[in-house]
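Trainee:
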Amino acid sequence: MTMNGKSMLVTGGGRGIGASVARLGAAAGWRVAINYTANDKAASALVDEIVSAGGDAFAIKGDVGEERDVLAMFAAVDERFGRLDGLVNNAGVVDRKARIDEMSVDRLTRMMRINVIGSFLCAREAVKRMSTKHGGKGGSIVNLSSVAAVLGAPGEYVDYAASKGAIDTFTLGLSREVATEGVRVNAVRPGIIDTEIHASGGQPDRVAAMSGFVPMQRAGTADEVARAVLWLLSDEASYTTGAILNTSGGR
Ligand code: NAP
231 MTMNGKSMLV
241 TGGGRGIGAS
251 VARLGAAAGW
261 RVAINYTAND
271 KAASALVDEI
281 VSAGGDAFAI
291 KGDVGEERDV
301 LAMFAAVDER
311 FGRLDGLVNN
321 AGVVDRKARI
331 DEMSVDRLTR
341 MMRINVIGSF
351 LCAREAVKRM
361 STKHGGKGGS
371 IVNLSSVAAV
381 LGAPGEYVDY
391 AASKGAIDTF
401 TLGLSREVAT
411 EGVRVNAVRP
421 GIIDTEIHAS
431 GGQPDRVAAM
441 SGFVPMQRAG
451 TADEVARAVL
461 WLLSDEASYT
471 TGAILNTSGG
481 R
């Protein structure tokens, strides 16, 4: 495997879309730091897989919604790689299907803390390292939004949809804020993707149930989303910033 000399941090990289980004990113020559929060087995199996294929990867446990954990995560990347060229703000959660009149403050706080504040904290630390204003060499940030941001997810999880709406606005604003500092900021909006996130929200059959509503009549794979993320991360996308790319089979 030929390394490209660059390194990236993927939050929530132990499973699902993040794991595909880590795996395909390593195959494209990136050194990869894989953050996760609970599933040690999944993260360490992925690191082993990448390292045995000749790549360079390590795992860092931590909750993106906790500032202390985010600082430790970036310190570990500094120590291990000595540079940061890419951040993929991928860690995100859904919750049980519910209407607004059933949503507790604990649920709302968790959703916004992980999906929104987590992405802000990680972007802040990445900009401190990448921005030419801070002596960095530039870099690329890709945020994971969702088509829920534009569909609203009524009767399912409007809180999740709104958290992804915040990610879209954040992507636009931050891209313009750091546009002259060598940092590009883009987002990918996946549709129905076949990962374990649906089961984590109590809907293990959601992919099968929703596929018929997708114009392409099928769910997407984590790898299909990861390829869009990797393009936005790469120099191939050198004039693309503030873009929000639907990766949703037309949904
Ligand atoms: P997933 O299969 O549930 O995997 C989530 C990953 O995030 C896991 O590695 C998990 O760690 C990690 N994670 C969860 N909470 C975290 C936290 N607080 N701090 C750090 N890591 C955390 O999810 P996915 O389907 O791949 O989704 C990835 C992203 O795409 C999310 O932002 C999601 O909203 C977005 N998205 C997904 C879909 C879809 O249909 N799948 C559609 C639109 C958007 P552990 O492994 O340790 O549990």
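In the working numbering, the protein residues as written are 231 to 481.
By construction, the Cβ of each residue, glycine as well, lies at the ideal position given by its N, Cα and C atoms.
Give every residue of the same chain whose Cβ lies closer than 6 angstroms to the Cβ of M231, excluding the five residues on either side of it in the sequence, and list them in chain order.
Mentor: These residues qualify, in order along the chain: G284, G285.
Trainee: Go ahead and label I330 buried or exposed: buried means 16 or more other beta carbons lie within 10 angstroms of its beta carbon, across all protein chains shown.
Mentor: Result: exposed.
Trainee: Does the beta-carbon of D293 have 16 or more other beta-carbons within 10 angstroms, so that it is buried, or is it exposed?
Mentor: Burial call: buried.
Trainee: Between Y266 and G243, how many whole angstroms is the CB-CB distance? I'm expecting something under 8 angstroms.
Mentor: Contact holds; Cβ gap of about 6 angstroms.
Trainee: Among residues of its own chain, excluding the 5 on either side of K363, which ones have a beta-carbon nearer than 6 angstroms to its beta-carbon?
Mentor: Only E411 meet the Cβ criterion.
Trainee: Please classify R419 as buried or exposed, where buried requires at least 16 other C-beta atoms within 10 Å of its C-beta.
Mentor: So R419 ends up on the buried side.
Trainee: Does the distance between the C-beta of T401 and the nearest non-hydrogen atom of ligand 1 fall short of 7 angstroms?
Mentor: No.
Trainee: Measure the alpha-carbon distance for D325 versus M341 and round it to whole angstroms.
Mentor: Cα-Cα distance, rounded: 8 angstroms.
Trainee: For T477, which residues does DSSP report across the bridge?
Mentor: Looking at the DSSP assignment, T477 forms a beta bridge with P420.
Trainee: Cα-Cα, which of D465, V251, S274 is closest to S176?
Mentor: In the structure displayed, the chain extends from 231 to 481; residue 176 sits before or after that span and is not available.
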